[in-house]
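Student: Next up is a structure, given as structure tokens.
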Amino acid sequence: MAVAERNGLVSSPRAVATFLTSMKPYLNEVTRSRAQWIRDIGVLLEDARRQHASVVAQGATRVGRAQVVIFREAHTRIAAIGAPADCEVIHRAVLTWLDKQMAACDVMVDVGLRGDLPRLREVQGLLAEGRFHAQKFNDEFVRLVALVRAAARAPSARGRTSRATSPRRRGGR
1 MAVAERNGLV
11 SSPRAVATFL
21 TSMKPYLNEV
31 TRSRAQWIRD
41 IGVLLEDARR
51 QHASVVAQGA
61 TRVGRAQVVI
71 FREAHTRIAA
81 IGAPADCEVI
91 HRAVLTWLDK
101 QMAACDVMVD
111 VGLRGDLPRL
121 REVQGLLAEG
131 RFHAQKFNDE
141 FVRLVALVRA
151 AARAPSARGR
161 TSRATSPRRR
171 GGR
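Next comes the structure, spelled out in structure tokens:
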């Protein structure tokens with residue numbers, strides 16, 4: 001009956017909430033950094049049409065090497081967070097999303113080292129694959145937050161009710 005008592009959660013609502021909030025600082029940092037990285041990729045793709053290949057290759061290496069460090073650090077930190085049973089899907093989704101971002105960085109470095117600019121399209125493909133996992137993360141986040149909120153609004157598993165809804169004792173009883 002633990003599942004019913006927790007409104008569909010196998011884990012405690014506190015464990016789920018703690019897990020979600022523990023990922024937040026790492027995801028905030030990655031998201032901020034990734035926004036600039038995506039702009040840099042756009043510039044590189046545009047430069048690939050107009051600039052000399054060696055200039056673009058150097059930029060790809062520089063951008064890929066700088067960003068992969070941030071993704072790897074976040075991956076390491078988030079992977080180390082113990083995920084409650086209800087959070088396994090979201091945990092796997094965020095780690096797979098980070099894997100795709102790191103793979104895109106690795107391709108950028110390889111493009112730079114080999115001067116193989118057409119492979120920049122692979123970066124776009126990896127980012128597209130990553131979007132699937134980002135959407136999975138977002139969907140799971142919304143679902144888990146809703147379950148935690150529902151559990152917080154529900155009466156306690158011990159049968160206690162809130163003061164506002166419990167019958168009031170009258171007199172000296």
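Under this note's numbering, the first residue of the sequence shown carries the number 1, and numbering increases by one thereafter. Virtual Cβ for every residue (Gly too), placed ideally from N, Cα, C. Just so you know, these numbers come straight off a predicted model, no measurement behind them.
(1) How many angstroms separate the CA atom of PRO167 from the CA atom of ALA35?
(2) Select from ALA151, GLY115 and ALA154 the residue whose C-alpha is nearest the C-alpha of ALA60.
(3) Alpha carbon to alpha carbon, how far is ALA57 from ARG39?
(4) Measuring alpha carbon to alpha carbon, tell me which of ASP139, LYS100 and VAL148 ends up nearest GLY125.
(5) Counting only the same chain and skipping the five closest in sequence on each side, list residues whose C-beta sits under 6 Å from that of ARG49.
(6) Buried or exposed: where does VAL111 fall if 16 or more other Cβ atoms within 10 Å of its Cβ makes it buried?
(7) Would you say HIS75 and LEU45 are within 8 Å of each other, going by their C-beta atoms?
(8) Going by C-alpha distance, which of SER54, ALA103, ILE70 and ARG72 is nearest ARG121?
(9) With 16 as the cutoff for other CB atoms within 10 Å, does SER11 come out buried or exposed?
(10) Does the Cβ-Cβ distance between ALA93 and LYS24 come in under 8 Å?
(11) Of the residues ASP139, VAL68, ALA66 and PRO118, which one's Cα is nearest the Cα of ILE90?
(12) Suppose contacts are defined by Cβ-Cβ distances below 8 Å. Is GLY130 in contact with CYS105 by that definition?
(13) What span of residues does the alpha helix (DSSP H) with CYS105 cover, start to end?
(14) What do you get for ASP52, buried or exposed, if any count of 16 or more other CB atoms within 10 angstroms of its CB means buried?
(15) Cα separation between PHE19 and ALA80?
Tutor: Working from what's here:
(1) At PRO167, the pLDDT of 48 sits below 50, so the modelled position is not reliable; the number obtained from the coordinates is stated separately. Each residue's Cα considered, the two are about 54 Å apart.
(2) GLY115
(3) 16 Å
(4) Measuring from the Cα of GLY125, the nearest candidate turns out to be LYS100.
(5) none
(6) buried
(7) Against a cut-off of 8 Å, the Cβ pair of LEU45 and HIS75 comes out as no contact.
(8) ALA103
(9) buried
(10) no
(11) The candidate whose alpha carbon is nearest that of ILE90 is ASP139.
(12) no
(13) 88-114
(14) The sequence shown places His at residue 52, not Asp. Label assigned to HIS52: exposed.
(15) 11 Å
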